[in-house]
Every structure is written in structure tokens, then in C-alpha cells.
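J.: Residue numbers (our numbering): 844 to 1284.
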Ligand SMILES: CC(C)(COP(=O)(O)OP(=O)(O)OC[C@H]1O[C@@H](n2cnc3c(N)ncnc32)[C@H](O)[C@@H]1OP(=O)(O)O)[C@@H](O)C(=O)NCCC(=O)NCCS
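1. Any chance you could list the residues with Cβ under 7 Å from a heavy atom of ligand 1, keeping chain order?
2. How big is the Cα-Cα spacing for residue 1159 and residue 894?
3. What do you get for residue 1208, buried or exposed, if any count of 16 or more other CB atoms within 10 angstroms of its CB means buried?
4. To the nearest angstrom, how far is the alpha carbon of residue 1102 from that of residue 1006?
5. Distance check for residue 913 and residue 1272, CA to CA, integer angstroms please.
6. Which of the three DSSP states is assigned to residue 972 in this structure?
7. Determine which residues share a DSSP beta bridge with residue 1218 and list them.
8. For residue 796, tell me which candidate among 966, 1028, 965, 937 has the shortest Cα-Cα distance.
9. From the DSSP output, in three-state form, read off residue 1124 for me.
10. Output the residue ranges of the alpha helix (DSSP H) runs that lie fully inside the stretch 911-985 and measure 4 residues or longer, sorted by chain position.
11. Consult DSSP for residue 1073 and reduce its assignment to one of helix, strand or coil.
12. DSSP three-state label for residue 1202, please.
13. Terminal residues of the continuous beta strand (DSSP E) containing residue 1137?
14. With DSSP as the reference, identify every bridge partner of residue 1113, one or two as the case may be.
15. Relative to the C-alpha of residue 981, which candidate in 1217, 1133, 1025 has its C-alpha closest?
16. Could you please give the first and the last residue of the uninterrupted alpha helix (DSSP H) stretch that includes residue 897?
17. Assign residue 850 to one of three DSSP states: helix, strand, or coil.
18. Determine the burial state of residue 959: buried for a count of at least 16 other Cβ atoms within 10 Å of its Cβ, exposed for fewer.
19. For residue 1157, count neighbouring C-beta atoms within 10 Å of its own C-beta (all shown protein chains included) and say buried if the count is 16 or more, exposed if not.
20. Quick check: the stretch 1136-1150 against the stretch 959-978, are there 3 or more CB pairs under 8 Å?
21. Which residue wins for smallest C-alpha separation from residue 1114, given the options 928, 1082, 915?
22. Report the residue from 1001, 1004, 1039, 1002 whose alpha carbon sits nearest the alpha carbon of residue 1016.
23. In this structure, what does DSSP give as the bridge partners for residue 1037?
24. Is residue 1187 close to chain C, meaning its C-beta is less than 9 Å from at least one C-beta of that chain?
25. Since residue 1165 is in the beta strand (DSSP E), which residue starts that stretch and which ends it?
26. Report the residue from 1128, 1031, 1177 whose alpha carbon sits nearest the alpha carbon of residue 994.
27. Work out the CA separation of residue 1071 and residue 1085 for me, nearest whole Å.
28. With burial defined as no fewer than 16 other Cβ atoms inside 10 Å of the residue's Cβ, what is the status of residue 1275: buried or exposed?
29. Look at the alpha carbon of residue 1077 and the alpha carbon of residue 1055, and state the distance between them as a whole number of angstroms.
30. Please report the distance separating the alpha-carbon of residue 1262 from that of residue 1025.
31. Evaluate the contact criterion for the stretch 883-902 versus the stretch 923-937: three or more CB pairs, one atom per stretch, below 8 Å.
32. Round the Cβ separation of residue 953 and residue 919 to the nearest angstrom and send it over; I've been treating them as touching at under 8 Å.
33. According to DSSP, is residue 892 helix, strand or coil?
34. Below 8 Å, can you find three or more Cβ-Cβ pairs linking the stretch 1058-1065 to the stretch 1085-1101?
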């Protein structure tokens, strides 16, 4: 990046910042979307890169949020959006310079994690981000679909009601606020969240949105946003599908009832979903599970441990045990070092712990073995034999339980001192439920 500089923009440069994104992605967002980001963006959380004339040629924006980690603790997290360098200035180091500045800034602010969606998988590993949550888009053939009857005591007593946008606008935020606390990888709703659910980014889309809620004993336990539209240009009656834009449920009955509603909509050939978890249970509601096909599998969010020690101490572990971890972090050297992780039983599990070791808020009843983490000094680093050696990118991929330790070990990305150490690490880092991020940002 010869002659350039990195810093924050002034308020009157905001249009330029958003234009960098438009030029880099070759796509101008509708005004409503740009306005939404403009109003919610915090100026000193925007990083811009300038060329030697002072013109803004790159941007990277961080939005403060919280992420749930295994066990229920919610860590201060930066959601990174708008990473862009204009086509005339690519491959001159602007992105590298912005990433370095931004991670230093997040560390100074006390953000423990950073997360993003990557346009290409080969960009962010070098900056210590690893793929951390995974999902698939599905298609379910509608014709002849038959749903299994739920076992008697799982039957639902509530009902599904179609509602207007006003009620949906109240229901979704309340449901999301509860949902994000229950699953690792979820973040607090971001500024664009409601626009995605309502389809407001696009006028035609917004007009075609429908909403339904599941109610039981006067309580809304689930909400659905969907549209019905053609799947291709067939004439005169193009085949149509239900596009499930968002389904948020807090109970099994509401999940079952809202999926039954979707699967029962007439005049469509199939149901299409956004990315959902890999173990999405609706498959097992079908008599013929092959009616549900995976059409796109891949990672969802990428994760960066900004403060490795705080992150290790804040999650719960699925098994008790002790591990000596050697972590290499070439991009954020403050993390490189040897960490002794002791996951022990006698801290409150399933109860009401007050807070994590560094004061982050714990959501709900924590689950799993709490850990104490000790950072060993340089001398120990030279002498000790670590149980597990890995870089911070691999640590990000196992941290939420998204990838198993053993898979990365077989791929040569994690080195264990023995088979026993590997099994111990595998058991400690695994999670009963796979992490997921339902927010798209
Ligand atoms: C991706 C993008 C931000 C890269 O910016 P850049 O200024 O050209 O990147 P840099 O010159 O700083 O490159 C930094 C490193 O990343 C690598 N890199 C950059 N873009 C890459 C890509 N698309 N694929 C693979 N590697 C890439 C470079 O080779 C370089 O590697 P090295 O320093 O380890 O040798 C830019 O090309 C862009 O805006 N693309 C379109 C929008 C987009 O995809 N944004 C990312 C959204 S998540």
C-alpha cells in the first residue's frame, strides 16, 4: 500500500465509504438498505484505507454485538461488514492494512470475538479467521409429501395464525432476542435484521411477504416470514415454490406446527429454504426423508478470536480435563503462547452462575464444565510439551464446536502429542448441538 494510510473517516465522508462497497461488489444496494446501515454505523468503528492522494479506496466496518458461546456465555463481538477495496486499487495491501488496524482496535476496545461472512473462502484465513458455523440450503418436493404424526405427548395444543406486518414486526425481535441466547454462534439482531425478515430492501419483495405465528396459551412461540414465487420462467404457469425467508421458533410444538403450515401451502411444487443447520429436524418429520434435498452446503460465519485467553475461559466444555494448548497467531501476536486449560466440575453447571471470569454476561443456565485458563510464560513455552498445537484459525473453527478437533488433526492442521491428548481435546471442545448463526449480515 505504497504512500497510503489507514484510519477512520469523517462524518461527511460516509457517502464515499458506502460507494467504495458498491464499486468493489459491483452492486448498489437500494436506498433503504444504505440508509439503514448509515444510521446504525458508528463512525469510529469504520476503518478506511486511503491512497497516496488521500482518496478513500477501502473500507471495513465493525458493528458491536454479542455472540453466544458454548455453555451460554455471551461475549462482546464485532460483526464485520462492508469489507471492500475498489477495483483500481486491489492487491496493493489495502485489505491487509485495514485488517491489522481493525483487529488492533477491536482488541483495545475489549471485543473478544470478530465474525463475518466471507465472499471467498481464500481471503480471511491469513488474518486468523476460521470457518465456524455451517449450513445448507434445502429444497423439499411438495407433491405427495407426507408428514409423520408426532408422538402423543409431543402433539401441540396451540395454533398457527397468519398475521400482518405490524404484528410480525413485534413478534420477530422478541423471539430472536430469546433464540440468540440459546444457541452457540448466534449474535444479537443486527441493524439489517428486520429488513431481511420484512423484505424491505426490495419493494416488490416486501409486497410479497406473508407472515404466520404459532400461539399457545396466548403466547407467541414462533414466527415465519415467507413468499411464494416462480422457480423459473416456464409459460404460461411457471412452477412455483414457497421461499421460507425466516422461521424462528422457541419450542418443538411451534417448530412442528409452522413447518406443517409451510408444507401444506397449495399451488406450489416445492419449498426452498435459506441456509439452515446441517441437522435441520424437518427432514425427520417427513415420511420420505429423500423429499428434502441439500442444494448448497457450506460455511456460514467465520470467527476470529481477538482475545484467545478470555475466549477459552468463557466457554463451557463438554468433558472435564486438562489441556496444554500452544496457540500460534502470526497476525495478532498478543495471542501467541501456551495456555493451560483446566475444565473442572465444581463450578456451577446448569445453575445460575453470575458471570464469566472476565465479567461477560452469562445467558440462561450455563451448561458444561467451566474452565480456568492460565497463560504460561516464555520459559515454559520453550520447555513444556504441549498436548495440542494449533494456529488461531483452527482454534476459531473448533471453538464453537463447528468442526471436530480430530478432522483438523487428520488434515494436518492440529498436532497432538498423543492419541490420548487428541481424544481429550476432541471431547472437551465438542458440543451437543452444532453452532449456527441465523443472522445474515
Ligand atoms: C477482497 C478484497 C477486499 C481484497 O482487497 P485487497 O486490497 O486487494 O487485498 P490485499 O492486497 O490487502 O491482499 C491481502 C492478502 O490477501 C490476498 N487476497 C486478497 N484478495 C483475495 C482473494 N479474493 N482471494 C484470495 N486471496 C486474496 C492477497 O493475495 C494478499 O495475500 P498475502 O498478503 O498473504 O500475500 C478486494 O479484492 C475486494 O473488495 N473484492 C470484492 C469485494 C469482496 O469480496 N469483499 C470481501 C467481502 S467479505
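Built from N, CA and C at the ideal position, the CB exists for glycine as well.
T.: According to the data block:
1. 867, 868, 901, 926, 927, 928, 932, 933, 934, 935, 936, 937, 938, 939, 940, 959, 960, 961, 962, 963, 965, 966, 969
2. Rounded to the nearest angstrom, the two C-alpha atoms are 45 Å apart.
3. Because the pLDDT of residue 1208 is 46, which lies under 50, any placement of that residue in the model is unreliable, and the number read from its coordinates should be weighed accordingly. Answer is exposed; the Cβ neighbour count stays below 16.
4. 16 Å
5. 9 Å
6. coil
7. 1182
8. No information on residue 796 is available, as it lies outside the stretch 844 to 1284 that the chain covers here.
9. Three-state DSSP puts residue 1124 in a helix.
10. 937-952
11. strand
12. Confidence in residue 1202 is poor, its pLDDT being 44 and thus under 50, which makes the residue's placement unreliable; the coordinate value appears in the next sentence. Coil, per DSSP.
13. 1135-1142
14. 984, 1084
15. 1133
16. Run containing residue 897: none; DSSP gives neither H nor E here.
17. strand
18. buried
19. buried
20. yes
21. 1082
22. 1039
23. None, per the DSSP bridge assignment.
24. The structure shown contains no chain C; it is built from a single protein chain.
25. 1164-1171
26. 1128
27. Taking the straight line from one Cα to the other gives about 5 Å.
28. exposed
29. 29 Å
30. Spanning the two alpha carbons is a distance of roughly 33 Å.
31. yes
32. 6 Å
33. Looking at residue 892 - three-state DSSP - the assignment turns out to be strand.
34. yes
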